[in-house]
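**Student:** Residue numbers (the UniProt record's numbering): 1 to 925. Beta carbons are placed, not taken as given, at the ideal position from N, Cα and C, and that holds for glycine. Shown below is the structure under consideration.
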């Protein structure tokens, strides 16, 4: 089968940027060896190419490191004639494998205005790869730009030289590079080179909505840009194996470059960090987070993903091993028809299932219609922007969901090729999970599974009519075994329920499958329809749930008819799970905001738990808690974070390294002599199960709260590098957590300042005696962090080290014992980082400390200030997951913390709190 990479030439003639004189390339042609042009000797061109690779890319990194200049002018969308592409035909569908060698070079392609060049710089700066811009590489190798070279040597000669240089560039830079290719690289031979390169390397097509591109270019009208995207899309998709949609924030304009190619002067700054609902800095930060997470998953960078997942303990365990997990379902048609709050749709679910239920009217031989492909890519990107859980990409095989089961016939099924095209487009987006419909032939499904990459495949079958034998029908067991044989990671079987008995029958079927000898593939099995809701409650893995706002679409689009809250309430009302009691334990906890934060989250999720204060003058007060059979866990406050350690059976590696705990979890199962950690399956299976307590497990989420705030405030210009420097003010228990968070981020040079230098020395000794290492670029092991003591706030910053960009103040800002409140301002000579940085002040009594006032006054220099009300919910999200085994409803927890906060000493400003409530971002960092 032949796939057309470009649309018909008749339409291309209407556009600038394409050459109507180009012809189809012959299949047998091969790129010529890299040869110099008459004006250059071979040695000269080779030296220029080598020089560009080793010097130019290094210069870009240094420029980023010292000045924060992230944004260089990329290739023009309206390239000179030298950049015009031409139609290419390829035989057979493009199927590239999606597993790569470690540190494989990554190619980014796309038209001008998509943010490709900026994303390349961000990726290079954070991954340790060096950067190549294909256009600049050509100029370095030949001494001329593409336009100049074509003018001097003619079109034919230019074509040959372009291919030689591109072939050399790709061949000589297979590992450790980020290569940005603009339209000038998309010649007909260039397309073939990229297509071949994509068989062994990630080639990512960067796209963006046409309004943003037009706004960036400020030259073409929107219709012309839209038409250009439709026609160029198939070309770029045929040469790439991944696709990233650069989602804009409303009102953001271009978050990358101005029209003149210079950096936006507001970039990296928060002009008013609490009253502005939008800043270019925040937009770029979210884009950076999305893109790096996308790339890490696409290339299988387990080290990066693990570091990100550590902030959310539930993410450290595969979803199929959790107890009662849920998938929030939303159809593409609904998301395209009206606007939804994506975070609300996902709240507390374990995955987000996007159902592709729209019809593709394009010719099956041309792949997915370009406009539909763009809409799908944009929708997936928008979902990812607003959630922390994996996406399940599900293509509906039935194209007329309004048809009743009795009217259903084979004509309503998508043709094999149309279905395959849509599913393979989904794989380009690197979803966490992807379903394959078992009603299609093995040949179709094998093509998908062979190119799944890091995505997990769910073998899916939904019967629109209940078989006469129900779940006893042999076809279900046969489908399960077939899915296993195909290599599916999970199997999902569904049938409509006609009676309550069907819900018990599906439980028997699950038990039967579980009893089959040998290794079993996780099974998702439930009944659809109103009578099947009971089975959805008790299905253990990824039960489908729906948000209340989608209820009007339930019947018309065959959606689940139960909410997550209803599913949870059913488990407790049926005594499958028990209501638990949680506490904050300490010597002075009356001011704690944690009870209000956790109780609001329990209510939203349908959990009948209670979180209360338990104040005690001694550690013996813990006995009252552990004797309660409904004790679910406790937060630990001062002064018991270290005193409680001797009472524990086990500790997480994080708590052990810090030497303090702020979270205690009961152990009810058999423990023997084995040590447990927070990821242990036994601990999670005991959640919401009352009974005698045999031991306690300790963890620490304080460092997570600090670390997540660092991530939120670090601009791309301040991405952590080996030369980055951190500063911790204070030497108590929270200072230990702050140091650990810096080590986790990869900071290798950590300075400690405390009024009593001996305490700072003890803190440094605590970590020096351990064998902790920071994580280097691309997961490589880095050197142990070094610790330095600052003895006086009047000293200048040590000249041998860069100014700090990551700072945490761990000293109280309120009066203690009648003593006046300390002045927490930073020495101005320690705040001279040319790109600013992030300062986290753990105090929130008062909230607007002298340090926060000082840093916010420096926001124009790139400094970002985050306070104790930012840290508290961040650590609370992790604590919620440790306590309940459920995802934390982040937005409601942030909201309650702000609503319940009451300042002290005349520092409370209701207007500032209201401003923060109006600009809440409950998303991860």
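1) Cα separation between residue 315 and residue 184?
2) Tell me, please, which residues DSSP counts as bridged to residue 739.
3) Would you mind sorting residue 697 into buried or exposed? The rule is 16 or more other CB atoms within 10 Å of its CB.
4) Leaving out five residues before and five after residue 41 in sequence, what residues of the same chain have Cβ atoms less than 8 Å from its Cβ?
5) When DSSP labels each residue in this structure, what does residue 353 get in the three-state scheme?
6) Taking residue 725 as part of the alpha helix (DSSP H), name the residues at either end of that continuous run.
7) Applying the 10 Å Cβ sphere with the 16-neighbour rule, what's the burial state of residue 948?
8) Tell me which residues share the same chain as residue 213 and place their Cβ nearer than 6 Å to its Cβ, disregarding the 5 neighbours each side in the sequence.
9) Starting from residue 891, trace the beta strand (DSSP E) both ways and give me its first and last residue.
10) So is residue 746 buried or exposed if we call it buried at 16+ other beta carbons inside 10 Å?
11) In chain order, what residues of the same chain lie with their CB nearer than 8 Å to the CB of residue 296, ignoring the 5 residues before and after it?
12) What does residue 437 pair with, by DSSP beta-bridge criteria?
13) Per DSSP, which one or two residues make a beta bridge with residue 704?
14) Does residue 918 come out as helix, strand or coil in the three-state DSSP assignment?
15) Are the beta-carbon atoms belonging to residue 312 and residue 881 less than 9 Å from one another?
16) Please confirm if the region 708 to 720 is in contact with the region 656 to 667, defined as three or more CB-CB distances below 8 Å between the two stretches.
17) Using beta-carbon positions only, say whether residue 601 and residue 892 come within less than 9 Å of one another.
18) Pick out whichever of 609, 463 and 560 has its Cα sitting closest to the Cα of residue 596.
19) So residue 826 and residue 841 are supposed to be a Cβ contact under 8 Å. How far apart are they, rounded?
20) Between residue 193 and chain C, is there a C-beta pair that is closer than 9 Å?
21) Output the boundary residues of the beta strand (DSSP E) element that contains residue 749.
22) Please look up how many angstroms separate the CB atoms of residue 550 and residue 559, rounded, as I've assumed it's under 8 Å.
23) Roughly how many angstroms lie between the CA atoms of residue 416 and residue 448, to the nearest whole one?
24) Of the choices 325, 844 and 876, whose alpha-carbon is the least far from that of residue 868?
25) Please report how far the alpha carbon of residue 912 lies from the alpha carbon of residue 702, in whole angstroms.
26) Since residue 643 and residue 606 are thought to touch, with beta carbons under 8 Å apart, how far apart are those beta carbons, to the nearest angstrom?
27) Can you name the start and end residues of the alpha helix (DSSP H) that residue 192 belongs to?
28) Report the CB separation of residue 535 from residue 503 in whole angstroms; it is logged as a contact under 8 Å.
29) DSSP state of residue 637, grouped into three classes?
30) Check whether the region 168 to 175 and the region 341 to 348 are in contact - that is, three or more C-beta pairs closer than 8 Å.
31) Contact between the region 587 to 594 and the region 612 to 632 is defined here as three or more beta-carbon pairs at a separation below 8 Å; is this criterion met?
32) Among residues of its own chain, excluding the 5 on either side of residue 432, which ones have a beta-carbon nearer than 6 Å to its beta-carbon?
33) Can you name, in chain order, every residue of its own chain whose Cβ lies under 7 Å from the Cβ of residue 126, other than the five neighbours on each side?
34) What residue from 287, 518, 743 and 750 has the CA that sits closest to residue 773's CA?
35) Apply the 10 Å Cβ neighbour rule to residue 514 and answer buried if 16 or more other Cβ atoms are within range, or exposed otherwise.
36) Rounded to whole angstroms, what is the Cα-Cα separation between residue 920 and residue 850?
**Tutor:** Taking the coordinates as given:
1) Within the chain shown, numbered from 1, the residue matching residue 315 stands at position 315. Within the chain shown, numbered from 1, the residue matching residue 184 stands at position 184. If you take the alpha carbons of residue 315 and residue 184, they lie about 41 Å apart.
2) Locating residue 739 in the chain shown gives position 739, where the first residue counts as 1. Per DSSP, none; premise fails for residue 739.
3) Residue numbering aside, residue 697 sits at position 697 when the chain shown is read from its first letter. Counting Cβ neighbours within 10 Å, residue 697 comes out buried, since at least 16 surround it.
4) Against the chain shown, residue 41 aligns to sequence position 41. Residue placement at residue 41 is poorly supported in this model, since its pLDDT is 34, which falls under 50; the coordinates are not used for a value here.
5) Taking the first residue of the chain shown as 1, we reach residue 353 at position 353. If DSSP states are grouped into helix, strand and coil, residue 353 belongs with the strands.
6) Sequence index remark: in the chain shown, residue 725 carries index 725 (1-based). Judged by DSSP secondary structure, residue 725 falls outside any alpha helix (DSSP H) and instead within the beta strand (DSSP E) spanning 725 to 729.
7) An answer regarding residue 948 cannot be provided, because it is not within the stretch 1 to 925 covered by the chain.
8) Here the question's residue 213 lines up with position 213 in the chain shown. Take residue 213, set aside five residues on each side of it, and the residues of its chain with a beta-carbon closer than 6 Å to its own are 113 and 225, in chain order.
9) Within the chain shown, numbered from 1, the residue matching residue 891 stands at position 891. In the DSSP assignment, residue 891 falls outside any beta strand (DSSP E) and within the unbroken alpha helix (DSSP H) covering 890 to 900.
10) Translated into positions along the chain shown, residue 746 becomes position 746. Classified as buried, residue 746 has 16 or more neighbouring CB atoms from the shown chains inside 10 Å of its CB.
11) The residue labelled residue 296 in the question sits at position 296 within the chain shown. Only 304, 305 and 308 meet the Cβ criterion.
12) Start at 1 with the first residue of the chain shown, and residue 437 comes out as number 437. Per DSSP, 460.
13) For the purposes of this step, residue 704 is identified with residue 704 of the chain shown, where counting begins at 1. Bridge partners of residue 704: none, in fact.
14) In the chain shown, counting from the first residue as 1, residue 918 sits at position 918. It is helical.
15) Counting from one through the chain shown, the residue named residue 312 turns up at place 312. Counting from one through the chain shown, the residue named residue 881 turns up at place 881. Closer than 9 Å, so yes.
16) With the cut-off at 8 Å, the region 708 to 720 and the region 656 to 667 do not touch.
17) As a working mapping, residue 601 is identified with position 601 in the chain shown. As a working mapping, residue 892 is identified with position 892 in the chain shown. For residue 601 and residue 892, yes; Cβs fall inside 9 Å.
18) As a working note, residue 596 is residue 596 in the chain shown. Selection 609, 463 and 560 evaluated against residue 596 yields 609 as nearest (Cα-Cα).
19) As a first step, residue 826 must be located in the chain shown, where it is residue number 826. As a first step, residue 841 must be located in the chain shown, where it is residue number 841. About 10 Å separates the Cβ atoms of residue 826 and residue 841, ruling out a contact at the 8 Å cut-off.
20) Checking the listed chains, one finds no chain C in this structure; it contains a single protein chain.
21) Here residue 749 refers to the residue found at position 749 when the chain shown is read from its first residue. Note, residue 749: beta strand (DSSP E), 749 to 753.
22) Taking the first residue of the chain shown as 1, we reach residue 550 at position 550. Taking the first residue of the chain shown as 1, we reach residue 559 at position 559. Correct: roughly 6 Å between the Cβ atoms.
23) Stepping through the chain shown from its first residue, residue 416 is reached at position 416. Stepping through the chain shown from its first residue, residue 448 is reached at position 448. Roughly 12 Å separates the two Cα atoms.
24) As a first step, residue 868 is located in the chain shown; it is residue number 868 there, counting from the start. The shortest C-alpha separation from residue 868 is found at 844.
25) Here residue 912 corresponds to residue number 912 of the chain shown, with the count starting at 1. Here residue 702 corresponds to residue number 702 of the chain shown, with the count starting at 1. Inter-residue distance for residue 912 and residue 702 is about 25 Å (C-alpha atoms, whole angstroms).
26) Your numbering for residue 643 matches position 643 in the chain shown. Your numbering for residue 606 matches position 606 in the chain shown. Contact doesn't hold; Cβ gap of about 36 Å is too wide.
27) Along the chain shown, one-based indexing puts residue 192 at 192. It spans 188 to 197 - the alpha helix (DSSP H) in which residue 192 sits, taken as one unbroken run.
28) Within the chain shown, residue 535 is the residue found at index 535, counting from 1. Within the chain shown, residue 503 is the residue found at index 503, counting from 1. Yes, they are in contact, since the Cβ atoms of residue 535 and residue 503 sit about 4 Å apart, within 8 Å.
29) In the chain shown, the residue the question calls residue 637 occupies position 637. In this structure, residue 637 counts as coil in the three-state DSSP scheme.
30) With the cut-off at 8 Å, the region 168 to 175 and the region 341 to 348 do not touch.
31) Between the region 587 to 594 and the region 612 to 632 there are three or more inter-stretch CB-CB distances shorter than 8 Å, so the stretches are counted as touching.
32) Indexing the chain shown from 1 puts residue 432 at position 432. Cβ-Cβ distances below 6 Å link residue 432 to 390 and 391 in the same chain, with the five nearest sequence neighbours on each side left out; the list follows chain order.
33) Position 126 of the chain shown, counted from the start, is the residue given in the question as residue 126. Around residue 126: 292 and 719.
34) The residue given as residue 773 occupies position 773 in the chain shown. Of the listed residues, the one whose Cα sits closest to residue 773 is 743.
35) As a first step, residue 514 must be located in the chain shown, where it is residue number 514. Using a 10 angstroms sphere on the CB of residue 514, the tally of other CB atoms stays under 16, which defines it as exposed.
36) For the purposes of this step, residue 920 is identified with residue 920 of the chain shown, where counting begins at 1. For the purposes of this step, residue 850 is identified with residue 850 of the chain shown, where counting begins at 1. Going from the Cα of residue 920 to the Cα of residue 850 covers about 24 Å.
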